[in-house]
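For the working numbering, count along the sequence shown from 1 and bump the result up by 138.
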Amino acid sequence: MQVEADPYPFELDLATTALVIIDMQRDFVEPGGFGETLGNDVSLLQSVVPPLRKVLAACRTAGMTVIHTREGHVPDLSDCPPAKLHRGAPSLRIGDPGPKGRILVRGEYGHDIIDDLAPLPDELVIDKPGKGSFHGTSFGAELEARGITRLVVTGVTTEVCVHTTVREANDRGYECLVLSDCTGSYFPAFHEAGLAMIAAQGGIFGWVAPSGAFLSALALQEVAS
Ligand code: TIU
Numbered sequence: 139m140q141v142e143a144d145p146y147p148f149e150l151d152l153a154t155t156a157l158v159i160i161d162m163q164r165d166f167v168e169p170g171g172f173g174e175t176l177g178n179d180v181s182l183l184q185s186v187v188p189p190l191r192k193v194l195a196a197c198r199t200a201g202m203t204v205i206h207t208r209e210g211h212v213p214d215l216s217d218c219p220p221a222k223l224h225r226g227a228p229s230l231r232i233g234d235p236g237p238k239g240r241i242l243v244r245g246e247y248g249h250d251i252i253d254d255l256a257p258l259p260d261e262l263v264i265d266k267p268g269k270g271s272f273h274g275t276s277f278g279a280e281l282e283a284r285g286i287t288r289l290v291v292t293g294v295t296t297e298v299c300v301h302t303t304v305r306e307a308n309d310r311g312y313e314c315l316v317l318s319d320c321t322g323s324y325f326p327a328f329h330e331a332g333l334a335m336i337a338a339q340g341g342i343f344g345w346v347a348p349s350g351a352f353l354s355a356l357a358l359q360e361v362a363s
């Protein structure tokens with residue numbers, strides 16, 4: 139089965155494909171978290187939630203591997219490079235107390251994934267200190283252990299953690315399909331440009347498709363099997 143995608147159809151093989159949901163945490167998509175401390179309008183990310191809920195439900199029904207990631211740091215911030223901690227002039231820094239707990243710290247309410255997309259107990263959650271999902275994590279080893287070679291990538295933000303993860307994955311030999319309406323940015327122009335960069339040059343980093351195209355292929359796959 140194939141997903142109609144840019145720049146050409148993406149081969150769908152459920153046994154070797156994982157749905158990856160990047161950083162759908164309160165810290166990024168709700169007020170009072172890390173995203174807002176950086177000066178962003180977090181309401182811009184809300185449009186990602188309904189289509190991503192549908193995709194998550196469909197992937198669970200199809201029995202696909204589902205992996206969630208969370209960006210954040212251990213409570214003593216020993217895994218937060220000073221360069222990240224001191225960057226810019228946010229209203230609150232990583233580790234400062236905020237309305238949803240300490241900003242971007244593991245175990246805090248704000249650090250966790252939003253209720254609408256809460257992981258099931260058997261789904262893998264990768265805690266990552268950086269923007270990419272491979273750096274400083276067991277993500278690569280977990281994919282290898284499961285025989286996963288293809289990633290359907292969703293989450294936030296398109297040009298930061300989604301892009302970094304797709305670039306890291308692409309260099310490691312993974313085939314990545316990014317779902318355009320299941321990713322989002324605080325900067326709509328960056329979202330559009332970020333998606334265009336992935337599919338340009340014959341798919342230099344991977345493929346891009348709307349979730350509808352992915353869901354159609356998934357439904358056909360289930361009928362066929
Ligand atoms: N600031 C921003 O756009 N994103 C991040 O800091 N992290 C993620 O993208 N998850």
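Glycine included, every Cβ here is placed at the ideal spot set by N, Cα and C. Treat the numbers as computed from the prediction; the structure is a model and nothing was measured.
Mind checking whether residue i and residue j have CB atoms under 8 Å apart?
i, j, result
"A196", "A351", "no"
"G332", "T296", "yes"
"V291", "V316", "yes"
"V187", "S349", "no"
"I264", "I205", "yes"
"E360", "A227", "no"
"G274", "G170", "no"
"V346", "S323", "no"
"T303", "S271", "yes"
"V300", "L183", "no"
"R231", "G278", "no"
Using 10 angstroms around the beta-carbon of residue i, count the other beta-carbons present and answer buried if the total reaches 16, otherwise exposed.
i, result
"Y312", "buried"
"L281", "buried"
"L190", "buried"
"G368", "This structure cannot speak to residue 368, because the chain is shown only from 139 to 363."
"V210", "The sequence shown places Gly at residue 210, rather than the Val named in the question. Classification for G210: buried."
"H224", "exposed"
To the nearest angstrom, report how far apart residue i and residue j are at their CA atoms.
i, j, result
"K269", "D161", "9 Å"
"V158", "R284", "14 Å"
"I286", "A153", "8 Å"
"A156", "R198", "11 Å"
"V141", "S354", "8 Å"
"L215", "Y247", "17 Å"
"G233", "A221", "14 Å"
"L358", "L262", "26 Å"
"G340", "G239", "44 Å"
"T175", "C314", "31 Å"
"V180", "F148", "31 Å"
"R208", "K266", "6 Å"
"P257", "I342", "31 Å"
"A307", "S229", "33 Å"
"S185", "A327", "15 Å"
"L356", "D260", "21 Å"
"R244", "F325", "26 Å"
"H329", "E168", "19 Å"
"D217", "A334", "33 Å"
"P219", "S276", "19 Å"
Roughly how far, in whole angstroms, is the beta-carbon of residue i from the beta-carbon of residue j, given that I think they are within contact range, below 8 Å?
i, j, result
"D250", "Q163", "6 Å"
"I241", "F166", "That pair is no contact at about 11 Å."
"D151", "R305", "Not quite, the Cβ-Cβ distance comes to about 22 Å (not below 8 Å), so this is no contact."
"A362", "M139", "7 Å"
"A337", "P213", "At roughly 40 Å, the Cβ-Cβ gap does not stay under 8 Å, so A337 and P213 are not in contact."
At which residue ranges does the stretch 193 to 252 contain complete beta strand (DSSP E) runs of 3 or more residues, listed in the order of the chain? 203 to 209
Beta strand (DSSP E) segments (min. 3 residues) lying fully within the stretch 276 to 340: 288 to 294 and 313 to 322
Taking only runs of the beta strand (DSSP E) that begin and end inside the stretch 151 to 195, which ones reach a length of at least 3 residues, in chain order? Correct list: 155 to 160.
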